[in-house]
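A.B. asks: Next up is a structure, given as structure tokens.
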Amino acid sequence: MLDAGAGTGLLSHCLKDAGVKEATAIDISPEMLSKAMRSGFYSCCKVVDLKKSFGFADNAFDVSLCLGTLTYMEPADDTIAELCRVTRVGGYVIFSMRTDLCEKWEGALQNFVDKKIWAHMGTSEGFDYLPANPEYGQNILVKVYIYKTLQ
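Just so you know, the sequence shown maps onto residues 1 to 151 in full-length UniProt numbering.
This is the structure in structure tokens:
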């Protein structure tokens with residue numbers, strides 16, 4: 001499993017509890033990745049700019065997660081293409097997106113469906129993003145998207 005934008009490894013506890021045995025963490029921040037490595041969960045932590053090539057072989061992972069990170073990316077960046085490239089055919093790309101950014105990404109996501117790069121498996125309903133933050137509250141939620149790679 002690839003945890004793209006892993007930060008301090010906040011997901012490591014959930015992934016371990018879910019039965020994930022091996023995961024790689026990537027993030028642009030070496031400081032945050034050092035905390036992720038201390039979790040003892042990740043077999044590899046690598047500094048990577050998610051807007052560029054991840055530096056892994058094609059089809060390297062069964063599942064690629066990118067949770068809480070696309071907020072800082074643009075559809076024109078290589079992030080989605082790289083998530084697909086490093087995920088094996090028949091694997092899953094799972095990411096979250098704030099509801100105020102969904103419309104901006106719709107064309108890029110659909111383009112990958114149209115090109116048969118991936119198939120849309122489902123999208124969650126919106127749920128609390130940062131409920132204690134007065135700038136978000138009930139106005140900005142988050143959705144989780146699941147795609148299955150086809151090539």
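From the three backbone atoms N, C-alpha and C, an ideal C-beta is built for every residue, glycine too.
Predicted model, so just to flag it, every value in this text is computed and none were measured.
Inspect the beta-carbon positions of residue 161 and GLU82 and report whether they are closer than 8 Å.
C.D. replies: No answer is possible for residue 161: it lies beyond the span of the chain, which begins at 1 and ends at 151.
A.B. asks: How far does the beta strand (DSSP E) with PHE112 in it extend, from its first residue to its last?
C.D. replies: Residue mapping note: residue 112 aligns to position 112 of the sequence shown, counting from 1. Run containing PHE112: none in the beta strand (DSSP E); it sits in the alpha helix (DSSP H), 102–114.
A.B. asks: Within this structure, are the beta carbons of LEU109 and GLY126 separated by less than 8 Å?
C.D. replies: In the sequence shown, the residue the question calls residue 109 occupies position 109. In the sequence shown, the residue the question calls residue 126 occupies position 126. No; because the gap between Cβ atoms is not below 8 Å, this pair is not in contact.
A.B. asks: What's the C-alpha gap between PRO75 and CYS102?
C.D. replies: For the purposes of this step, residue 75 is taken as the residue at position 75 of the sequence shown. For the purposes of this step, residue 102 is taken as the residue at position 102 of the sequence shown. The straight-line gap from Cα to Cα measures roughly 11 Å.
A.B. asks: Would you grab the beta carbon distance between GLY55 and ASP27 for me? Rounded to a whole angstrom, and I think it's under 8 Å.
C.D. replies: Sequence index remark: in the sequence shown, residue 55 carries index 55 (1-based). Sequence index remark: in the sequence shown, residue 27 carries index 27 (1-based). Not really, about 13 Å apart at Cβ, beyond 8 Å.
A.B. asks: Considering only residues of the UniProt domain "Methyltransferase type 11" (2–95), which uninterrupted alpha helix (DSSP H) runs meet the minimum length of 4 residues and lie entirely inside it, listed in chain order?
C.D. replies: Taken in chain order, the complete alpha helix (DSSP H) segments of 4 or more residues contained in the UniProt domain "Methyltransferase type 11" (2–95) are 12–17, 30–38, 79–86.
A.B. asks: Once you ignore the five residues that flank ASP77 on each side, which residues in its own chain have a CB closer than 7 Å to its CB?
C.D. replies: On the sequence shown, position 77 is the one that residue 77 refers to. Around ASP77: LYS51.
A.B. asks: Give me, in chain order, the residues of the same chain whose beta-carbon lies closer than 6 Å to that of VAL48; leave out the 5 immediate sequence neighbours on both sides.
C.D. replies: For the purposes of this step, residue 48 is taken as residue 48 along the sequence shown, with counting starting at 1. Hits under 6 Å: ILE26, PHE54.
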